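Protein chains in written order, with this note's numbering: chain W, 105 to 232; chain H, 556 to 692. What follows is a single structure, written as C-alpha cells, with notes after it.
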C-alpha cells in the first residue's frame with residue numbers, strides 16, 4: 105500500500121519538477137552573479153527537459169521518468185544582448201524569474217507534502 | 556539537488572561587489588589627497604573581476620566571480636593653480652588626484668544594486684531550502 109503513493113504519477117512528476125526548480129535557482133544565482141561579466145550568456149534549464157517530460161506525460165510512461173530524465177543547464181539561445189560587452193543578463197528579468205521560480209517551488213513542495221499527508225492519514229486514521 | 560551550491564556562486568559575487576564598494580569609498584575619501592606614502596597625489600584605484608569555475612557534484616560547473624586585481628588608474632590628474640597649497644610646485648600648481656566624483660558615484664550605485672540583487676538570491680535560496688525541510692509537515 106505504501107508503494108503506490110510514492111510511485112503515483114503526480115508524485116513522480118512533482119519530484120522531477122522540483123529538481124528542475126532547484127537547478128533553475130542555481131542558474132539564476134549564476135546569472136545574477138555574472139550580471140557584469142563581459143561575454144557571459146545567461147543560463148537556463150535546457151528546454152530539452154521540458155519537452156521530454158511533456159512527451160512522456162502524454163505517452164503515459166512516467167515510470168521511465170524516474171531514473172532516466174535529468175534536468176541540465178544550457179545557455180539560453182533566445183536571450184538577446186543589447187550591451188556592447190555581449191552580456192545577455194537582464195537583472196530585472198532574473199529577479200522576476202527567481203520570484204516565479206520560488207512560487208513554483210513552494211507549490212511543488214505542497215504537492216509532495218500532500219502525498220505524504222495522505223499516507224499519514226491512511227496509517228493513523230486522523231486528518232491532521 | 557543542492558540549494559547551497561547556488562549560494563556558493565552568489566557569495567563570490569557578494570565578496571567581489573563589497574570590495575568594489577570599499578574601493579569606491581577609498582577613492583571618494585581620497586578625492587583631495589595630494590600627499591601619499593608613494594609620493595605624489597593619490598591615484599584612483601580600479602577593481603577588476605575575474606571568472607572562477609565552481610565545480611558541482613554531478614553537473615556542469617557554474618561560473619562565479621572574484622576580484623583579480625586592484626590597480627591604479629594611470630590617467631593624469633588635474634593641475635590646479637594654488638600657490639598657497641603646501642604641496643604646490645615652483646610654478647604654483649598642485650597635482651590633484653585623478654578621481655572623478657561623478658564616475659565614482661555611478662560605480663557606487665551600480666555596485667550596491669548588484670550587491671542587493673545577489674543578496675535577494677541568498678534570501679530566496681534560503682526560503683526554498685526551508686520549504687524543502689517542511690515537506691511532509
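Just so it is clear, CB atoms sit at the ideal spot from N, CA and C, and this is done for glycine as well. It should be emphasised that the depicted structure is a prediction, and the values quoted were computed from it without experimental measurement.
For residue 636(H), the enclosing beta strand (DSSP E) has its first and last residue at 634-636.
Among the residues of chain H, none has a CB under 8 Å from the CB of residue 192(W); the nearest is roughly 14 Å distant. Counting the other CB atoms within 10 Å of its CB gives residue 116(W) a total of 16 or more, which places it among the buried residues. As summarised for the stretch 581-654 of chain H, the continuous beta strand (DSSP E) elements at least 3 residues long and confined to that stretch are 600-609, 617-627, 634-636, 648-650, given in chain order.
Residue-level contact by beta carbon fails for residue 589(H) and chain W, as no gap is shorter than 8 Å.
Straight across, the Cα-Cα distance linking residue 185(W) with residue 224(W) is about 51 Å.
Within the stretch 123-192 of chain W, the runs of alpha helix (DSSP H) at least 4 residues long that lie entirely inside it are, in chain order, 151-163, 169-172.
Contacts with chain W (Cβ-Cβ distance below 8 Å) from the stretch 558-579 of chain H involve 558, 560, 561, 562, 564, 565, 567, 568, listed in chain order. Linking residue 621(H) to residue 565(H) through their CA atoms gives a straight-line distance of about 11 Å. Against chain W, the CB of residue 661(H) has no partner CB under 8 Å away; the residue lies outside that interface. Residue 230(W) carries a coil assignment under DSSP once its states are collapsed to helix, strand and coil.
Of the other Cβ atoms in all chains shown, fewer than 16 fall within 10 Å of the Cβ of residue 159(W); this residue is therefore exposed. From the listed residues 635(H), 596(H), 627(H), 653(H), the smallest Cα separation to residue 646(H) is found for 635(H).
Residues are counted here when their Cβ sits less than 7 Å from a Cβ of chain H; for the stretch 186-217 of chain W these are 195, 199, 202, 206, 209, 210, 213, 216, 217, given in chain order.
Residue 604(H) has a beta carbon lying within less than 8 Å of a beta carbon in chain W. Pairing residue 625(H) with residue 218(W), the inter-Cα distance amounts to about 53 Å. Apart from the 5 residues on each side of it in sequence, residue 630(H) sits with its Cβ closer than 7 Å to the Cβ of 653 in its chain, given in chain order. Distance from the CA of residue 596(H) to the CA of residue 642(H), rounded to the nearest whole angstrom, comes to 9 Å. Taking 8 Å as the threshold, the shortest C-beta distance from residue 601(H) to chain W does not fall below it. Interface annotation for the stretch 661-678 of chain H against chain W: 669, 672, 673, 675, 676, criterion Cβ-Cβ distance under 7 Å. No Cβ-Cβ contact shorter than 8 Å links residue 123(W) with residue 181(W). Sixteen is the threshold: since fewer than 16 other Cβ atoms of the shown chains lie within 10 Å of the Cβ of residue 110(W), the residue is exposed. A direct Cα-to-Cα measurement between residue 628(H) and residue 655(H) gives close to 11 Å. Residue nearest to residue 163(W) within the set 113(W), 221(W), 227(W) is 113(W) (criterion: CA-CA distance). Contact between residue 659(H) and residue 582(H) is confirmed by a C-beta separation of about 5 Å, below the 8 Å threshold.
Here DSSP, grouped into helix, strand and coil, assigns residue 116(W) to helix. Taking a cut-off of 8 Å for Cβ pairs, the stretch 122-139 of chain W and the stretch 183-200 of chain W touch, as three or more such pairs fall below it.
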